[in-house]
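Okay, structure first, notes after.
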Amino acid sequence: MSFPFIEFYTEVIYQILLSHKCSVKQEPKKITKIFHAEIKSDEIFYYGLDGDNTGTILEELFICSKNEEEFKKLSKSILRAMSEISKFIRSISNKNSIVFEAGDDLLFKGNLDDNLLKNIQKMYYDITPGLTCSIGYGRSFQEVYLALKIAKTQPGKNSIIGIQIT
Numbered sequence: 003m004s005f006p007f008i009e010f011y012t013e014v015i016y017q018i019l020l021s022h023k024c025s026v027k028q029e030p031k032k033i034t035k036i037f038h039a040e041i042k043s044d045e046i047f048y049y050g051l052d053g054d055n056t057g058t059i060l061e062e063l064f065i066c067s068k069n070e071e072e073f074k075k076l077s078k079s080i081l082r083a084m085s086e087i088s089k090f091i092r093s094i095s096n097k098n099s100i101v102f103e104a105g106d107d108l109l110f111k112g113n114l115d116d117n118l119l120k121n122i123q124k125m126y127y128d129i130t131p132g133l134t135c136s137i138g139y140g141r142s143f144q145e146v147y148l149a150l151k152i153a154k155t156q157p158g159k160n161s162i163i164g165i166q167i168t
């Protein structure tokens, strides 16, 4: 469901909005899913990881929590998960593979197959109190951003999506 919406948005809605912002017309772009079998071993991709439902969990803590220890416990587990995942990524890629790391968000580069990405999700789940994360990837920052947004729209989240814009 999300791919038809994204395609409609990029081909119709975005073009209408763009025409109001600047006088340069751009050709509509097509978004397609990337499958790891299509990726060359020497290609570098950007990967975005974002914890699922962290904001909702924090809202529930604000409403229901009676003490600050629950906040501290959640925060420490997420920070530890991100630290361990970053360390793992550096060990399989290189020391400069982490581009951005803050809170439950991570942007990194490399060439990771689906099994490694699933392993990263499992690490996040095991280190936090059973929380999930979604991962999006692409060859550019725009692609990784859209891929992560699409991954987070999947039922149950906890998805891995790669896209390319042509």
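Under my numbering, the first residue of the sequence shown is numbered 3, with each subsequent residue one higher. Note that CB positions come from ideal geometry on N, CA and C, so glycine has one too.
DSSP-derived helix/strand/coil call for residue i
{"i": "T155", "result": "coil"}
{"i": "D116", "result": "helix"}
{"i": "S142", "result": "coil"}
{"i": "I41", "result": "coil"}
{"i": "K32", "result": "coil"}
{"i": "E62", "result": "helix"}
{"i": "K78", "result": "helix"}
{"i": "K111", "result": "strand"}
{"i": "S95", "result": "coil"}
{"i": "N160", "result": "coil"}
Buried versus exposed call for residue i [16 or more other C-beta atoms within 10 Å across all chains shown]
{"i": "K50", "result": "Residue identity differs from the one stated: residue 50 is Gly in this sequence, not Lys. With 16 or more Cβ atoms within 10 Å of its Cβ, G50 is classed as buried."}
{"i": "E61", "result": "exposed"}
{"i": "F143", "result": "exposed"}
{"i": "F102", "result": "exposed"}
{"i": "A104", "result": "exposed"}
{"i": "D128", "result": "exposed"}
{"i": "I137", "result": "buried"}
{"i": "G140", "result": "buried"}
{"i": "A83", "result": "buried"}
{"i": "I87", "result": "buried"}
Straight-line Cα distance separating residue j from residue i
{"i": "K154", "j": "N69", "result": "30 angstroms"}
{"i": "I36", "j": "Q156", "result": "16 angstroms"}
{"i": "I163", "j": "G57", "result": "21 angstroms"}
{"i": "I65", "j": "K31", "result": "43 angstroms"}
{"i": "L118", "j": "K75", "result": "27 angstroms"}
{"i": "Y41", "j": "N121", "result": "Before going further, note that residue 41 is Ile rather than Tyr in the sequence given. So the two alpha carbons sit approximately 19 angstroms from each other."}
{"i": "N98", "j": "S67", "result": "39 angstroms"}
{"i": "T130", "j": "I33", "result": "33 angstroms"}
{"i": "I91", "j": "G53", "result": "17 angstroms"}
{"i": "F73", "j": "L63", "result": "7 angstroms"}
For residue i, the residue or residues it bridges with in DSSP
{"i": "G53", "result": "C135"}
{"i": "E172", "result": "For residue 172 there is no data in the structure shown, the boundaries of the chain being 3 and 168."}
{"i": "Q176", "result": "This structure does not reach residue 176, given that the chain is present from 3 up to 168, and the question cannot be answered."}
{"i": "E103", "result": "L108"}
N- and C-terminal bounds of the beta strand (DSSP E) containing residue i
{"i": "I46", "result": "Element bounds for I46: n/a, residue is neither H nor E."}
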